[in-house]
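Using the numbering used here, you'd call the opening residue of the sequence shown number 126 and step up by one each time.
C-beta: ideal position from N, C-alpha, C; glycine also.
Here the structure comes first, spelled out in structure tokens, and everything after it is commentary.
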Amino acid sequence: EQVEKPIKVARECDCATKKIACGGGHSLLLDTDGKLFSCGWNSRKQLGYEKESSTFQRVWPLSGINFTNIACGWDFSCGVTDDNFLFVWGSNSHGQLGLPKNHFPEEVNPTRLHVNACSVSMGLRHTAILNSKGEVWITGCGRHGQ
Numbered sequence: 126e127q128v129e130k131p132i133k134v135a136r137e138c139d140c141a142t143k144k145i146a147c148g149g150g151h152s153l154l155l156d157t158d159g160k161l162f163s164c165g166w167n168s169r170k171q172l173g174y175e176k177e178s179s180t181f182q183r184v185w186p187l188s189g190i191n192f193t194n195i196a197c198g199w200d201f202s203c204g205v206t207d208d209n210f211l212f213v214w215g216s217n218s219h220g221q222l223g224l225p226k227n228h229f230p231e232e233v234n235p236t237r238l239h240v241n242a243c244s245v246s247m248g249l250r251h252t253a254i255l256n257s258k259g260e261v262w263i264t265g266c267g268r269h270g271q
């Protein structure tokens, strides 16, 4: 359904929102406590759980995991933790999760990559990771030099 006027978003907690990210049909929300929530289209498990949700739901309640940054691609998602680990999930059709695409066509369970990530951004089918040395790493579709 199309929403032409902004509406207040419902979610399962009262926490203040720190960041939001939007993908092809899904959204992520990061609260000020470092907890991660998602909602929307879920055809490739880009929400981080099995079912679609029209309201923000906690991605996975692992104790001790606090996120500082989030990003969404078309049908994949990620989060950077406070200790600079990167978790990825959803479609890996073009290797955009940084995993071998023939082994992981879609990841419902967030997978931790062994990179020192400070920030991350996602496009249609690619991911850019900024590490603590100021280096930028790209994974996924590079057909147009992205």
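Close Cβ partners of residue i (< 7 Å) along its chain, the five nearest in sequence each way excluded
{"i": "N209", "result": "N241, A242, C243, S257"}
{"i": "L154", "result": "R136, T142, I145, F162, F181"}
{"i": "C147", "result": "C197"}
Own chain, CB closer than 6 Å to residue i, minus 5 neighbours either side, in chain order
{"i": "W262", "result": "I254"}
{"i": "C266", "result": "H219, R250, H251"}
Beta-carbon proximity check, residue i vs residue j, cutoff 8 Å
{"i": "K226", "j": "N234", "result": "no"}
{"i": "N194", "j": "V245", "result": "yes"}
Other residues of its chain near residue i: CB distance less than 8 Å, five sequence neighbours each side excluded
{"i": "C140", "result": "D156, T157, D158, K160"}
Residue i classed as buried or exposed, judged by whether at least 16 other C-beta atoms fall within 10 angstroms
{"i": "D200", "result": "buried"}
{"i": "S179", "result": "exposed"}
{"i": "V291", "result": "With the chain represented from 126 up to 271, any question about residue 291 goes unanswered, as that position is not in the structure."}
{"i": "H215", "result": "Note that residue 215 is Gly in the sequence shown here, rather than His. The residue is buried, with at least 16 neighbouring Cβ atoms inside 10 Å."}
heavy atom of the ligand COA below 7 Å from residue i C-beta
{"i": "L155", "result": "Looking for the ligand COA in the displayed structure turns up nothing, as the structure carries no ligands at all."}
For the region 160-174 and the region 219-227, state whether three or more C-beta atom pairs, one from each stretch, are separated by less than 8 Å. no
Of all the beta strand (DSSP E) runs that stay within the bounds of the region 183-230, which reach a length of 3 or more residues? 192-197, 201-206, 211-216
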